[in-house]
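A short write-up of the structure that comes next.
Number of protein chains: 2
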Amino acid sequence: MMDTRFSAAIHALILIAASETPMTSEQIAESVGTNASYIRKLTRLMKRQGIIASRRGVSGFALLIPPEKLPLRKIYEAVEETERIHVFDLHQNPNDRCIVGRYIRPVLSDVFREIEEKAEQALTHTTLADCMQKMKTEIKQEGKL
Amino acid sequence: MMDTRFSAAIHALILIAASETPMTSEQIAESVGTNASYIRKLTRLMKRQGIIASRRGVSGFALLIPPEKLPLRKIYEAVEETERIHVFDLHQNPNDRCIVGRYIRPVLSDVFREIEEKAEQALTHTTLADCMQKMKTEIKQEGKL
């Protein structure tokens, strides 16, 4: 099953950060390629974590954290509603009458967690500003601006 | 969808590495908690990558690479049949009439790939022997041996 909340949320935040006029859910949805109610779900989750706020008096959102101080991990945690990146599944029914079967799940759970933590650390060290910078570079390389 | 091939394959390899007598697919399946044909699928994939071999004259398998020289990544690649760990999905339909929509997929594809590579590196630096060592430690702590 595709889970594209994280990807869509970064897209929305780049729009919010880069746009000079406040963007509404409808405008964000049009760029992301989804519907406004899906965007409102994401923005509600990001508001709850203090990433964005509704703008007073105008429709649209404002970033509450500068892009260079906004780690992708915070965005991930907000919209995925979990602190953990899950990569590897454990098999369900090892036989606990066998010594290996008895200990395999705690052992692999530890081993997998250590590896997943590396991805979490990398997500902590990458910011929204890094994504925006990469986008600028891509745009320049293509000579589109 | 649960994908537990990798987890089941490590379980099978620990049995093969630790057992003094050759283990058949049926015996491995009993400990892993699955059926022998599933185990034969995994062992076929691991044979193809030179991780194990069938033993001459006896039924059962032998490890071709010592556990301390067998990175989990090699096991992952063999049984998942991919060189890449996939963690994050990209949203499918960004609007390319918007400049952000046009560049978001290549940008996030790069950003996500860098993070996934950290997990791949960690998987390269963890060996089957590390898992076996951790199992020994768990067993000792529980005072079961």
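Listed in order, the protein sequences are those of chains H and Y. Each step along the first sequence adds one to the number in the working numbering, with nothing skipped, and position 123 is 165. Each step along the second sequence adds one to the number in the working numbering, with nothing skipped, and position 120 is 162. Glycine included, each C-beta is placed from N, C-alpha and C at the ideal position. Just so we're clear, the structure is a prediction, and the values are computed from it rather than from any experiment.
Listed in chain order, the alpha helix (DSSP H) elements of length 4 or more contained wholly in the segment 93 to 178 of chain H are 114 to 122, 141 to 166.
Within chain Y, not a single residue places a beta-carbon under 7 angstroms from that of H:G102; the smallest gap is close to 15 angstroms. Contact of Y:E62 with chain H is not assigned, every C-beta pair being separated by 9 angstroms or more. The beta carbon of H:I52 is closer than 8 angstroms to those of L114, I117, L170, C173 in its chain, skipping five residues each way along the sequence. Taking a C-beta distance under 9 angstroms as the contact criterion, Y:S73 and H:V149 do not qualify as a contact pair.
When 8 angstroms is used as the limit between beta carbons, Y:M177 is near these residues of chain H: V142, Y145, I146, V149, in chain order. Contact annotation: H:L55 and H:I93 have beta-carbon atoms nearer than 9 angstroms. Remark: C-beta atoms of Y:I157 and H:A164 approach each other more closely than 9 angstroms. Residues of chain Y with a Cβ closer than 9 angstroms to the Cβ of H:T168 are, in chain order, V153, E156, I157.
Between H:H133 and Y:A50, the C-beta gap is smaller than 9 angstroms, which places the two residues in contact. Short of 7 angstroms from the beta carbon of H:R97, and not among the five residues preceding or following it, lie these beta carbons of its own chain, in chain order: P64, F103, A104. When DSSP states are grouped into helix, strand and coil, Y:E62 belongs to the coil group.
Residue environment: Y:A95 is assigned as exposed (fewer than 16 neighbouring CB atoms within 10 Å of its CB, all protein chains considered).
Pairing Y:R82 with H:A120, the inter-Cα distance amounts to about 42 angstroms. Contact with chain Y is found for H:P136, since one of that chain's Cβ atoms lies less than 9 angstroms from the residue's Cβ.
For Y:S96, no CB of chain H lies under 9 angstroms from its own CB, so it is not counted at the interface with that chain.
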